[in-house]
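Okay, so here's the structure we're looking at.
In structure tokens:
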């Protein structure tokens with residue numbers, strides 16, 4: 016349970032950052048993820064507190080019944096949550112995942128999957144997000160996530 | 016909360032299956048996972064209720080700081096739990112993941128990662144597992160999972 | 016990952032049940048919970064797939080800093096999810112909790128707390144819900160839950 | 016994912032604290048929990064990184080089938096994790112729960128329940144624990160938890 020009071024200086028930096036600068040910051044970090052490139056994930060939309068990703072079905076990422084593997088689904092849900100959280104952080108923060116819970120409610124069957132992460136509440140360092148995974152424009156998600164992310168500052172080897 | 020009474024007929028089938036037949040059943044299913052082949056995961060050891068997997072660091076599966084992506088870590092933890100559960104199921108069952116929680120306690124930094132899943136308790140259809148992820152033979156895990164799996168019978172398109 | 020096809024007969028029973036009968040079924044089960052009586056929880060609203068509960072702060076249910084204990088918060092979130100799921104089940108089903116994840120995002124500080132559970136997706140036996148806990152009419156929740164419930168039929172000692 | 020480097024000064028304080036002082040610190044905080052008194056929970060054992068609690072069945076804390084409510088089970092599991100984490104923290108830290116996942120694997124049926132929490136890994140501020148709940152000396156747990164706790168320093172209203 017993080018505190019909810021904001022660090023004043025950093026809150027000021029968040030407010031001062033333009034939407035364009037924030038999106039550029041998210042896209043630059045996203046591009047450094049080997050995993051997203053390997054899975055072929057598109058960064059569809061970035062708003063402060065909300066990130067939408069998408070990927071196509073690929074037999075290289077399946078489980079034993081031919082559906083998208085829970086690990087691939089989770090990789091994209093986690094990344095959607097991570098960047099939703101990152102988009103609300105100070106420009107000098109890096110983001111790391113603390114934990115997440117994924118529910119797989121139906122097989123990941125389809126051609127194209129959209130994963131959307133949204134910030135529920137951002138504390139001084141910890142940020143809690145929810146995410147949904149939807150197949151082929153369905154009304155209901157086939158998987159959901161509840162995630163805890165943390166802002167990290169001044170740690171060697173961990174930048175943005 | 017699953018029931019804990021065993022289905023008598025299926026329990027009989029589990030007992031009747033040799034360790035060799037069980038391991039062959041697990042290995043055959045594992046080989047059908049495109050995701051495990053893509054990640055280069057080795058099926059190191061299979062016992063009834065315990066499965067050990069391993070993979071090497073690969074830049075194709077990293078997050079933005081160059082560590083193994085939480086989604087890649089989770090894919091292997093989930094698979095270790097899935098086959099640990101599957102190894103205790105009746106030979107005519109398929110296994111699906113219901114949900115899991117992953118805690119990332121330190122960056123996935125290292126050359127080789129070992130993920131071990133173990134059954135905590137198996138009910139009639141639901142099986143609960145825990146798994147640990149360890150880097151380069153460290154004493155403590157850098158990530159852990161608590162997972163719920165389900166046995167599925169006679170569902171079209173979902174076999175073993 | 017439950018299947019999503021409905022059991023035909025039971026789906027028929029769900030459709031045939033009136034909103035009044037469903038609400039009476041939920042209220043009768045809720046009344047049998049010693050824990051809800053002890054915590055003084057009110058069943059505020061029941062719709063198919065959505066249940067709202069409320070309780071007042073009480074020093075008997077606090078943690079060491081005087082806030083409502085995470086266990087008390089979770090008891091009400093879990094019950095909100097349980098009856099949200101139960102409200103969508105066949106009248107002959109009982110409901111049990113499989114698992115849940117709670118995030119405590121701020122101290123449970125306030126005089127009155129409202130916990131609302133909603134069904135995200137209902138499969139043949141497993142139902143996934145989300146719930147929010149809000150203090151004193153705040154805009155943002157201080158705690159959230161993601162839960163997996165199961166319908167149980169014909170199990171000795173477990174009815175409705 | 017917390018960092019894993021220890022704060023040098025605080026690590027020194029942890030090492031300097033005797034086992035007796037640590038246990039006294041845990042017991043003093045435990046006594047301030049209204050919820051533990053209400054549930055009648057005993058603090059059975061305290062070691063650095065491991066805490067054992069116990070409670071008896073009581074009809075005031077049941078769910079609709081007469082078993083111990085998942086919320087009561089979780090309250091004790093969470094407290095066991097919280098104090099296991101607290102026992103490893105600097106004497107000037109307070110502990111708060113960030114999140115937890117509970118699996119209910121069988122009904123909480125029995126006369127006496129023992130919940131044991133253990134630290135898996137402690138970072139600079141975040142600590143990850145696992146806990147088991149066992150009924151009447153059974154070999155296998157009926158419920159388990161995976162929890163994330165945080166150390167808090169110098170926050171108004173939140174001490175020890």
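Chains as they are written, first to last, in the working numbering: chain P, 16 to 175; chain U, 16 to 175; chain L, 16 to 175; chain Y, 16 to 175.
Glycine residues also receive a C-beta, built at the ideal position from the N, C-alpha and C atoms.
Could you tell me whether any non-hydrogen atom of the ligand NAD is closer than 8 Å to the CB of residue i?
{"i": "residue 49 of chain L", "result": "The model depicted lacks the ligand NAD and carries no ligand whatsoever."}
Suppose contacts are defined by Cβ-Cβ distances below 9 Å. Is residue i in contact with residue j by that definition?
{"i": "residue 73 of chain L", "j": "residue 49 of chain L", "result": "no"}
{"i": "residue 131 of chain L", "j": "residue 162 of chain L", "result": "no"}
{"i": "residue 175 of chain P", "j": "residue 64 of chain P", "result": "no"}
{"i": "residue 102 of chain L", "j": "residue 119 of chain Y", "result": "no"}
{"i": "residue 3 of chain U", "j": "residue 129 of chain U", "result": "With chain U represented from 16 up to 175, any question about residue 3 of chain U goes unanswered, as that position is not in the structure."}
{"i": "residue 135 of chain Y", "j": "residue 143 of chain Y", "result": "yes"}
{"i": "residue 121 of chain U", "j": "residue 158 of chain U", "result": "yes"}
{"i": "residue 29 of chain Y", "j": "residue 98 of chain Y", "result": "no"}
{"i": "residue 53 of chain Y", "j": "residue 126 of chain L", "result": "no"}
{"i": "residue 85 of chain P", "j": "residue 78 of chain P", "result": "yes"}
{"i": "residue 43 of chain L", "j": "residue 96 of chain L", "result": "no"}
{"i": "residue 81 of chain L", "j": "residue 172 of chain Y", "result": "yes"}
{"i": "residue 107 of chain Y", "j": "residue 168 of chain Y", "result": "yes"}
For residue i, report the span of its beta strand (DSSP E) as first-last.
{"i": "residue 58 of chain L", "result": "57 to 62"}
{"i": "residue 150 of chain P", "result": "141 to 150"}
{"i": "residue 41 of chain P", "result": "It is not in any beta strand (DSSP E) - residue 41 of chain P instead sits in the alpha helix (DSSP H) that spans 34 to 46."}
{"i": "residue 114 of chain L", "result": "109 to 119"}
{"i": "residue 138 of chain L", "result": "Counting along the chain, residue 138 of chain L falls outside any beta strand (DSSP E), and DSSP gives it neither H nor E."}
{"i": "residue 160 of chain Y", "result": "158 to 167"}
{"i": "residue 174 of chain L", "result": "No beta strand (DSSP E) contains residue 174 of chain L, which DSSP labels as neither H nor E."}
{"i": "residue 69 of chain U", "result": "65 to 71"}
Is it buried or exposed, residue i, if we count other Cβ atoms within 10 angstroms and call 16 or more buried?
{"i": "residue 153 of chain P", "result": "exposed"}
{"i": "residue 156 of chain Y", "result": "buried"}
{"i": "residue 17 of chain Y", "result": "With a pLDDT of 45 at residue 17 of chain Y, under the threshold of 50, the modelled position of this residue cannot be trusted, and the question is left open."}
{"i": "residue 160 of chain U", "result": "buried"}
{"i": "residue 20 of chain U", "result": "Any reading at residue 20 of chain U needs caution, since the residue's pLDDT is 41, under 50, leaving its predicted position unreliable; the model's value is listed next. Counting Cβ neighbours within 10 Å, residue 20 of chain U comes out exposed, since fewer than 16 surround it."}
{"i": "residue 33 of chain L", "result": "exposed"}
{"i": "residue 93 of chain U", "result": "buried"}
{"i": "residue 137 of chain U", "result": "buried"}
{"i": "residue 123 of chain U", "result": "buried"}
{"i": "residue 31 of chain L", "result": "exposed"}
{"i": "residue 90 of chain L", "result": "buried"}
{"i": "residue 26 of chain P", "result": "exposed"}
Please list the terminal residues of the continuous alpha helix (DSSP H) segment that includes residue i.
{"i": "residue 176 of chain L", "result": "Limits of chain L in this structure are 16 at one end and 175 at the other, which puts residue 176 of chain L out of reach."}
{"i": "residue 52 of chain L", "result": "49 to 54"}
Between residue i and residue j, how many whole angstroms is the CB-CB distance? I'm expecting something under 8 Å.
{"i": "residue 58 of chain L", "j": "residue 100 of chain L", "result": "Contact flag wrong, Cβ pair sits at about 15 Å."}
{"i": "residue 38 of chain U", "j": "residue 61 of chain U", "result": "5 Å"}
Run down chain A in chain order and give the residues with a C-beta less than 8 Å from the C-beta of residue i.
{"i": "residue 143 of chain L", "result": "Note that chain A does not occur in the displayed structure, where the protein chains are P, U, L and Y."}
Open item on the list: Counting only Cβ-Cβ distances shorter than 9 Å, please list the residues of the stretch 119 to 141 of chain U near chain L, keeping chain order.
Closed with: The stretch 119 to 141 of chain U vs chain L, Cβ under 9 Å: 140, 141.
Task: Positions along the stretch 81 to 114 of chain U whose CB lies within less than 8 Å of some CB in chain L - done: For the stretch 81 to 114 of chain U, which is checked against every Cβ of chain L, the residues closer than 8 Å are 111, 112, 113, 114.
- [ ] Name, going along the chain, the residues of the stretch 57 to 83 of chain P whose beta-carbon falls closer than 7 Å to a beta-carbon of chain U.
- [x] Under the 7 Å Cβ criterion, the stretch 57 to 83 of chain P contributes 74, 75, 76, 77, 78, 79, 80.
Open item on the list: For the stretch 34 to 56 of chain L, list every residue whose C-beta sits within 7 Å of some C-beta in chain Y, in sequence order.
Closed with: Considering only beta carbons, the part of the stretch 34 to 56 of chain L lying closer than 7 Å to chain Y consists of 44, 47, 48, 49, 50, 53, in chain order.
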